[in-house]
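Heads up, the thing below is written out as C-alpha cells.
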Amino acid sequence: MTIPLNYIYMAVGGMSLVFSFWAGYSLGLSSKKKRLDPAEYQALGEEFDVKMRELIDENKQHIRRWELMAKFISALGGVRDETKLASLLSRLIRENINVKYGAVLLRRDDNFVTAASDGLHVESEKSLQISVKDSLIEYLKTTQGIVVLGKMDRKFSAFRIKEQVNEMLVMGLKTGEELKGLLWLADKKNSQKFTEGDKAILEYLGYAAGNTFNNALLMNELESRAIKIVTGLAKALEQRDRYTRGHSDHVATYASLFARSLGVSKAQINTIYTAALLHDMGKIGIPDEILNKPGRLTPEEFEVIKSHPLYGAELLKILGFLKDELVLILHHHEKFDGTGYPYRLKGNQIPLGAQIISLADVFDALTTNRPYRDAFTVEKAIEIMKKMTGENFEPGMLEQFIEFIEKKMGQKTIEEQQELMGK
Ligand SMILES: [Fe+2]
1081 MTIPLNYIYM AVGGMSLVFS FWAGYSLGLS SKKKRLDPAE YQALGEEFDV
1131 KMRELIDENK QHIRRWELMA KFISALGGVR DETKLASLLS RLIRENINVK
1181 YGAVLLRRDD NFVTAASDGL HVESEKSLQI SVKDSLIEYL KTTQGIVVLG
1231 KMDRKFSAFR IKEQVNEMLV MGLKTGEELK GLLWLADKKN SQKFTEGDKA
1281 ILEYLGYAAG NTFNNALLMN ELESRAIKIV TGLAKALEQR DRYTRGHSDH
1331 VATYASLFAR SLGVSKAQIN TIYTAALLHD MGKIGIPDEI LNKPGRLTPE
1381 EFEVIKSHPL YGAELLKILG FLKDELVLIL HHHEKFDGTG YPYRLKGNQI
1431 PLGAQIISLA DVFDALTTNR PYRDAFTVEK AIEIMKKMTG ENFEPGMLEQ
1481 FIEFIEKKMG QKTIEEQQEL MGK
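Under the numbering used here, the very last position in the sequence shown is 1503; numbers go up by exactly one each time.
See below:
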C-alpha cells in the first residue's frame, strides 16, 4: 500500500506542531506551576487549528513542486538522447505551466537553436535561435535567473518567430557552470502573465532538467568508454588464435552494412554493430586447448564451445548498460531450422539482429584462412552458404545477404569498407 505524499507531510507537520505546543505547555507548567483553564485550552486549540491550516496550505505548494519534480525525474530519467530529452521537457512544461508556445534550445556551435518545440509553426522553430554572444545569454550564464520579456523590452525581438506573442519567458538550463540550453516559453493560455508561482515551479524543473542533460551526457560518455574497454578485451582475446584475428571487426562491418542495406533504423544498426564486435566475447571462458585444437572436436569439447554465447551475454550483463546487444550475442548461433544453440530457437523466434550477425559470422569464417584450410573465394563462400538455406538461414534473408555481398560489398574489400565507415 502506498500513502500519498501530502498525507505524510500533513502527519509529520501536525505531529511537530503538537510536539512544539506540548513542549511549550510543559515548560510553562514547570516554570509557572500553573494549569491552563478551559478558555485557555480552547484558545490553544483554535491557534493550533489556524497553524495547521497554514501548514497544510504551505505544504500543498511544496507538494505540488515536489510531485512535479518527481514526475519530471522519472519521465526524463531513462532518456539519453538530447533531442528526445528536449522534446519531453518541452511537452511536460507546456502541460504543467499551461503555455501556448514552448521550446527547448540547445547549444550548437555559436548559437542556441531549437531542439524541440510545442505549438510553434515549423518556420518559427527554425528562426527561434540566439547567439551565444548575446548579452541575454551572458546574463543567464552568470545568474540562476529567469527572464520574463514584455513587448516593450529591448531583448523581446532577439527571438524572431512568426506568431504574435505578448510575453516571453527564458530560463537557462545549467549543468554545473555550463549553460547547456534554454527553455523558452511564450504567452500563458489563459491570457494571464507569468506568475511568481510559475517561476518557482520552473526553477525546480529547470534544475531537474539541467541535471538530467548532464547525466545523459555522462552516461553516454561512460558507455562509449566501457564499450572501448570491452572491445579492446575482445580484440585481445582474438590474439589467442591467429586465424580469428580481425574477425570481430569484420563481422561488425559486414553486419552493420547489411543491416543498413535492409533499411534498419540507425539505433538498431548501432546495436548490431556493438553486438557483432562482442559476439564471441564468451570464448574468453574456453580453455586454449579446446579453442585452438587443430583437429576435430569431441562431442564433449563441442559442448564447451557451445557455452560461449550464454557465457558472453552473462559476462557483459555485469556492465549494466548493454541490453539489446546481449540478446543478439546470446542468439548468434541459433539456426533457422531450430538446430542451433543455446536455445534451439526456430525461424522468426531468432531476433533479426542475431540472424544478421550469424550471416556475417559464417561469411567471414568461410572467406578467411583456417588451420585446416585456406580461405574460400567470395564466389565459393556464396555457393556454400546457398546450401544452408532453410537450415542455418531464413531463405529470404540469405538471398538478400548474397545480393548485398555481390552488389554492394563486391566492389570493395572489407578493409576499404571499414575505412569508409571510419572504423
Ligand atoms: Fe560465436
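Glycine residues also receive a C-beta, built at the ideal position from the N, C-alpha and C atoms.
query                                                                                                   : result
Short Cβ contact (9 Å threshold) for Gly1261 with Arg1187                                               : yes
Inter-residue CB distance, Leu1249 and Ile1226 (contact presumed, cutoff 8 Å)                           : 6 Å
Status (buried if at least 16 other CB within 10 Å, exposed otherwise) for Phe1481                      : buried
Alpha carbon of Gln1122 to alpha carbon of Ala1280, nearest angstrom                                    : 38 Å
Where Lys1487 falls, given that 16 or more other Cβ within 10 Å makes a residue buried                  : exposed
Distance cut-off 8 Å: Asp1360 Cβ against heavy atoms of ligand 1                                        : yes
Cβ shell of Thr1163 (< 6 Å), same chain only, five flanking positions each side left out                : Ala1195
For Gly1104, three-class secondary structure by DSSP                                                    : Low local confidence applies: a pLDDT of 45 at Gly1104 is under 50, so the model's placement there is unreliable, and no value is given.
Residues sharing a beta bridge with Phe1218, DSSP                                                       : The residue you asked about is not Phe; residue 1218 is Glu in the sequence shown. None, per the DSSP bridge assignment.
Whole-angstrom distance between Asp1117 and Glu1126, CA atom to CA atom                                 : 15 Å
DSSP beta-bridge partners of Ile1349                                                                    : According to DSSP, which records beta bridges pairwise, Ile1349 is partnered with nothing at all.
For Tyr1181, the first and last residue of its enclosing beta strand (DSSP E)                           : 1179-1188
Check: Pro1422 C-beta below 8 Å from any heavy atom of ligand 1                                         : no
Segment contact, 8 Å Cβ cut-off, at least three pairs: the stretch 1268-1283 with the stretch 1252-1260 : no
Residues that Glu1258 bridges to, as DSSP identifies them                                               : Thr1255
Reduced DSSP category for Val1245 - H, G, I as helix; E, B as strand; rest coil                         : coil
Per DSSP, cross-strand counterpart(s) of Ala1357                                                        : Per the sequence shown, the amino acid found at residue 1357 is Leu instead of Ala. Looking at the DSSP assignment, Leu1357 forms no beta bridge with any residue, so it has no partner.
Pairwise C-alpha distance: Asn1300 and Val1245                                                          : 38 Å
Where Ile1370 sits in the DSSP three-state scheme                                                       : helix
Proximity to Ala1166 [Cα-Cα], best of Glu1283, Gly1476, Gly1362, Gly1290                                : Gly1290
Three CB pairs or more closer than 8 Å across the stretch 1370-1384 and the stretch 1401-1414           : no
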